[in-house]
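J.: I'd like to ask some things about the structure below.
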Amino acid sequence: MMDLRRFLLVGLLVVSAVIIEVTVLAPLPFPGATPGLVLVVVAGIAFALGPVTGSAAGFAAGLLLDLAPPAAGTIGVGALTLTVVGYALGRVFESDDRPVILTTLLTSAAAALTVIAVAALGGLLGNPRIRWDEVLWMVITSALYAALLALPLVPFIRALCRRVLPEAFPR
Amino acid sequence: MRDIQRGRVVLAILVLISVTFILLDLRGSESGPLRPLRSLGEVVLGPLERATATVVAPMTDFFQGLSELGEKDAQIAQLEAERDRLTAELETMEYDRDRARALDELYGLASANDYVTVPAQVIAVGPAQGFAWTVTIDVGQRDGVQRDMSVITGQGLVGRVVSAGPFTSTVVLIIDATSSVGGRLAGTSQIGIVSGTGRQDVLQMQPLDPLAPLDIDDVVVTFGSEAGRPYAPGIPIGRIAEIRGTQGQLTRMAILEPWVDMSTLDIVGVVLDSSQRNPREPLDGAPLPTASPSPTASPSPTTSPVPTTSPVPTDAASSAAPTDSPAVP
Numbered sequence: 702m703m704d705l706r707r708f709l710l711v712g713l714l715v716v717s718a719v720i721i722e723v724t725v726l727a728p729l730p731f732p733g734a735t736p737g738l739v740l741v742v743v744a745g746i747a748f749a750l751g752p753v754t755g756s757a758a759g760f761a762a763g764l765l766l767d768l769a770p771p772a773a774g775t776i777g778v779g780a781l782t783l784t785v786v787g788y789a790l791g792r793v794f795e796s797d798d799r800p801v802i803l804t805t806l807l808t809s810a811a812a813a814l815t816v817i818a819v820a821a822l823g824g825l826l827g828n829p830r831i832r833w834d835e836v837l838w839m840v841i842t843s844a845l846y847a848a849l850l851a852l853p854l855v856p857f858i859r860a861l862c863r864r865v866l867p868e869a870f871p872r
Numbered sequence: 002m003r004d005i006q007r008g009r010v011v012l013a014i015l016v017l018i019s020v021t022f023i024l025l026d027l028r029g030s031e032s033g034p035l036r037p038l039r040s041l042g043e044v045v046l047g048p049l050e051r052a053t054a055t056v057v058a059p060m061t062d063f064f065q066g067l068s069e070l071g072e073k074d075a076q077i078a079q080l081e082a083e084r085d086r087l088t089a090e091l092e093t094m095e096y097d098r099d100r101a102r103a104l105d106e107l108y109g110l111a112s113a114n115d116y117v118t119v120p121a122q123v124i125a126v127g128p129a130q131g132f133a134w135t136v137t138i139d140v141g142q143r144d145g146v147q148r149d150m151s152v153i154t155g156q157g158l159v160g161r162v163v164s165a166g167p168f169t170s171t172v173v174l175i176i177d178a179t180s181s182v183g184g185r186l187a188g189t190s191q192i193g194i195v196s197g198t199g200r201q202d203v204l205q206m207q208p209l210d211p212l213a214p215l216d217i218d219d220v221v222v223t224f225g226s227e228a229g230r231p232y233a234p235g236i237p238i239g240r241i242a243e244i245r246g247t248q249g250q251l252t253r254m255a256i257l258e259p260w261v262d263m264s265t266l267d268i269v270g271v272v273l274d275s276s277q278r279n280p281r282e283p284l285d286g287a288p289l290p291t292a293s294p295s296p297t298a299s300p301s302p303t304t305s306p307v308p309t310t311s312p313v314p315t316d317a318a319s320s321a322a323p324t325d326s327p328a329v330p
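Residue numbers (this note's numbering), protein chains in the order written: chain A, 702 to 872; chain B, 2 to 330.
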């Protein structure tokens, strides 16, 4: 029963994050990168529910981003990077004490590393679109946007999880 | 301890699946083993995106309206900008008219190709950190859209459809680094390859003839492909903003500025059919351009820097049709 609720909650969060990122955030003319709502939501889930749910949520979210039109990249790149993000951020806090400043910084760092990882994977796989002169700017802006999004969203997702899945706390 | 182990196992499995996906997808995106998965994404997520875009559009408009409320300074600036724009327009009108006349004379067949287009709205865009310039539009196979159709606006060429789902389609913009379009200089009929650079305001054109005369502000239109797919002929692409290399140099290249502002794409048209009439036919020995067919779609240079201005996206008529007919003066 608890697993079904966990599945539904994570699924709902991930799907809406993907849809909002491509239909709302990406068309808006933000300088540099598109705010990585999906990554922040995965980070929030991982902080709240741990590495197993975190990596599963990351995999699902990344795969959806790889598949949601107008995705044009290689299927699996997003899944791979966000799986690792979900796992790593889920492992960070073993105790129940997680200061907002730390979660924000970690999410921001994860966003920056993800951009680098995607660009590096693209380079390895021969993606002709990667523009290395833009990567630094993308890294900086996506770290910034991720921090701004994580500040309210990570605590919100934690509160939501605590409400819907009280038995999962304290982890 | 058991939990940590479980976490590692899950991580390993998911990473393995992701890597498998990557390897399978590299074998070929179009017909590869993951094609069904992509189609599934189109069928399931496309309608979701459509619905979200419909809900969100009025809200974004509303918030934009709110942010402008009571901002007199902004309003004044806007009016001043508009005045400047109109003044500039007035000044360039003469120039535009000259250019339109020149093009008419060159092509001799203003409004010869009437495109049948289906209007569409951009509902989703690829995240910028993916470096791909692709958008989703809200028409699909149900509306007659198929792979490799041109996508245009009233200003010019936007891109081509790379995959058409039942309700939505994905368009690769001409500025995407993987895009290349056959282009033709409007003035001299020289042909070249126009490729995207990944930057939203820069295209590169490599003329096939290194001795081709290139000039700043020359207009480049599509060369056209077999049966108008993927690119229908005569659609304006952009104008030459810079020329790199000297005449005769093999690596000579023109930097183009696309007519269409790719960052503000909203309503576009998908060219369903451009082959109703071969635009070259009327030229055979016929006197030109007085015999130009329908005056309704003749170029009205006042509103656009290029001789094509039918409000998108009805039967958008592009007057700039390329021709290699000997009848051209």
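Cβ atoms here follow ideal geometry from the backbone N, Cα and C, with glycine treated the same way.
All of these numbers come straight from a predicted model, not from anything done at the bench.
Whole angstroms are fine: how far does the CA of residue 55/B sit from the CA of residue 803/A?
T.: Their Cα atoms are separated by approximately 37 Å.
J.: Identify the continuous alpha helix (DSSP H) that holds residue 839/A and give its terminal residues.
T.: Note, residue 839/A: alpha helix (DSSP H), 833-865.
J.: Ignore the nearest five residues each way along the sequence and tell me which others in residue 767/A's own chain have a CB closer than 7 Å to its CB.
T.: Around residue 767/A: 774, 776, 777, 778, 779, 780.
J.: Counting only the same chain and skipping the five closest in sequence on each side, list residues whose C-beta sits under 6 Å from that of residue 253/B.
T.: Result list for residue 253/B: 211, 246, in chain order.
J.: Which of the three DSSP states, helix, strand or coil, is assigned to residue 121/B?
T.: Three-state DSSP puts residue 121/B in a strand.
J.: If you follow the alpha helix (DSSP H) that residue 756/A is in, where does it begin and where does it stop?
T.: Start and end: 738-768.
J.: How big is the Cα-Cα spacing for residue 260/B and residue 201/B?
T.: So the two alpha carbons sit approximately 11 Å from each other.
J.: So if I threshold CB-CB distances at 8 Å, which residues from the segment 38-53 of chain B count as touching chain A?
T.: Under the 8 Å Cβ criterion, the segment 38-53 of chain B contributes 38, 39, 41, 42, 43, 46, 47, 49, 50, 53.
J.: Can you name the residues that DSSP bridges to residue 197/B?
T.: Residue 197/B is bridged to 204/B.
J.: Is the beta carbon of residue 760/A less than 9 Å from the beta carbon of residue 256/B?
T.: Not in contact: residue 760/A and residue 256/B (Cβ atoms no closer than 9 Å).
J.: Measuring straight from C-alpha to C-alpha, what distance separates residue 124/B and residue 724/A?
T.: Distance between the alpha carbons of residue 124/B and residue 724/A is about 6 Å.
J.: If residue 187/B and residue 218/B are in contact, beta carbons under 8 Å, what's the gap, nearest whole angstrom?
T.: Incorrect: roughly 11 Å between the Cβ atoms, too far for contact.
J.: Between the segment 843-863 of chain A and the segment 148-160 of chain B, can you find at least three pairs of beta-carbon atoms closer than 8 Å?
T.: At 8 Å Cβ cutoff, the stretches do not touch.
J.: Can you check whether the CB of residue 203/B is closer than 9 Å to the CB of residue 258/B?
T.: Going by C-beta atoms, residue 258/B is nearer than 9 Å to residue 203/B.
J.: Buried or exposed for residue 249/B, going by 16 or more other Cβ atoms inside 10 Å?
T.: With fewer than 16 Cβ atoms within 10 Å of its Cβ, residue 249/B is classed as exposed.
J.: Starting from residue 651/A, follow the alpha helix (DSSP H) in both directions and report where the run begins and ends.
T.: Only positions 702 to 872 of chain A appear in this structure, which leaves residue 651/A out of reach.
J.: Between residue 846/A and residue 735/A, what straight-line distance do the alpha-carbon atoms span, to the nearest angstrom?
T.: Roughly 8 Å between the two C-alpha positions.
J.: Taking the continuous alpha helix (DSSP H) assigned at residue 785/A, which residues delimit it?
T.: Taken as a continuous stretch (DSSP letters only), the alpha helix (DSSP H) holding residue 785/A covers 778-793.
J.: Exposed or buried, residue 178/B, counting other C-beta atoms within 10 Å across all chains shown (16 or more means buried)?
T.: Under this definition residue 178/B is a buried residue.
J.: Taking residue 760/A as the query, report the chain B residues whose CB atoms sit under 8 Å from its CB, ordered along the chain.
T.: Chain B residues near residue 760/A: 15, 18, 19.
J.: Short of 8 Å Cβ to Cβ, which residues in the segment 772-795 of chain A face chain B?
T.: Within the segment 772-795 of chain A, the qualifying residues are 772, 773, 774, 775, 776, 777, 778, 780, 781, 784, 785, 788, 791, 792.
J.: By DSSP, does residue 253/B sit in helix, in strand, or in coil?
T.: Three-state result, residue 253/B: coil.
J.: Run through DSSP, which three-state label would residue 237/B get?
T.: In the structure shown, residue 237/B sits in a strand (DSSP, three-state: E or B).
J.: Please look up how many angstroms separate the CB atoms of residue 762/A and residue 747/A, rounded, as I've assumed it's under 8 Å.
T.: The pair is not a contact, with the Cβ atoms about 11 Å apart (cut-off 8 Å).
J.: If I follow the unbroken beta strand (DSSP E) through residue 735/A, where does it start and stop?
T.: Looking at the DSSP string, residue 735/A is not in any beta strand (DSSP E), and its letter there is neither H nor E.
J.: Okay, do the segment 829-846 of chain A and the segment 6-20 of chain B touch, 3+ Cβ pairs below 8 Å being the bar?
T.: At 8 Å Cβ cutoff, the stretches do not touch.
J.: According to DSSP, simplified to helix, strand and coil, what is residue 830/A?
T.: Residue 830/A: coil per DSSP, three-state reduction.
J.: In angstroms with no decimal places, state the Cα-to-Cα distance between residue 715/A and residue 866/A.
T.: Rounded to whole angstroms, residue 715/A to residue 866/A spans 17 Å at the Cα level.
J.: With C-beta atoms as the reference, is residue 169/B less than 9 Å away from residue 47/B?
T.: A contact, by the Cβ cut-off of 9 Å.
J.: Cα separation between residue 240/B and residue 221/B?
T.: Each residue's Cα considered, the two are about 6 Å apart.
J.: So with Cβ pairs under 9 Å, would you call residue 25/B a contact of chain C?
T.: Of the protein chains in the structure, A and B, none is chain C.
J.: So for residue 214/B, helix, strand or coil by DSSP?
T.: Residue 214/B: coil per DSSP, three-state reduction.
J.: Any idea which residues DSSP pairs residue 165/B with across the strands?
T.: Answer is 170/B, bridged to residue 165/B.
J.: Under a three-way DSSP split, which group does residue 308/B fall into?
T.: Low per-residue confidence applies at residue 308/B: pLDDT is 41, beneath 50, and the placement is therefore not dependable enough to give any value.
J.: Contact check, residue 737/A vs residue 788/A under 8 Å by CB: the rounded distance?
T.: With a Cβ gap of about 17 Å, residue 737/A and residue 788/A do not count as contacting.
J.: Quick check on residue 300/B: buried or exposed, where buried means 16 or more other Cβ atoms within 10 Å of its Cβ?
T.: Note that residue 300/B scores 41 on pLDDT, short of 50, meaning its location in the model is unreliable and no value can be drawn from it.
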